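Asks: Take this structure, written in structure tokens, and hold onto it; I'll ask about it next.
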Amino acid sequence: MPTKYPAELKTRALRLLADHLENNPDTGIYTACRNIGERLGIGPETLRKWGLLD
Numbered sequence: 099m100p101t102k103y104p105a106e107l108k109t110r111a112l113r114l115l116a117d118h119l120e121n122n123p124d125t126g127i128y129t130a131c132r133n134i135g136e137r138l139g140i141g142p143e144t145l146r147k148w149g150l151l152d
């Protein structure tokens, strides 16, 4: 069964992802998702999909 994440966590993760990609344009999306996901306890693929949907 998929993990349900709080809306606040999703919002925070997407903000961190956007900031990271803006400040590090040479970083790939998956690397950024992996780094942020590890800090927040979110799978990198989940974070990547959220980023693509928003």
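Numbering of the sequence shown is given in my numbering, commencing with residue 99 and proceeding in unit increments.
Ideal placement from N, C-alpha and C gives every residue a C-beta, glycine not left out.
In this text, all values refer to a predicted model and were calculated from it rather than measured experimentally.
(1) Determine the extent of the alpha helix (DSSP H) in which Y128 is found, giving its start and end residues.
(2) Below 8 Å on the Cβ atoms is my guess for A111 versus L138; work out the distance and round it to an integer in Å.
(3) Using beta-carbon positions only, say whether I134 and L115 come within less than 7 Å of one another.
(4) What's the C-alpha gap between M99 and E136?
Replies: According to the structure data:
(1) 127 to 138
(2) 6 Å
(3) yes
(4) 20 Å
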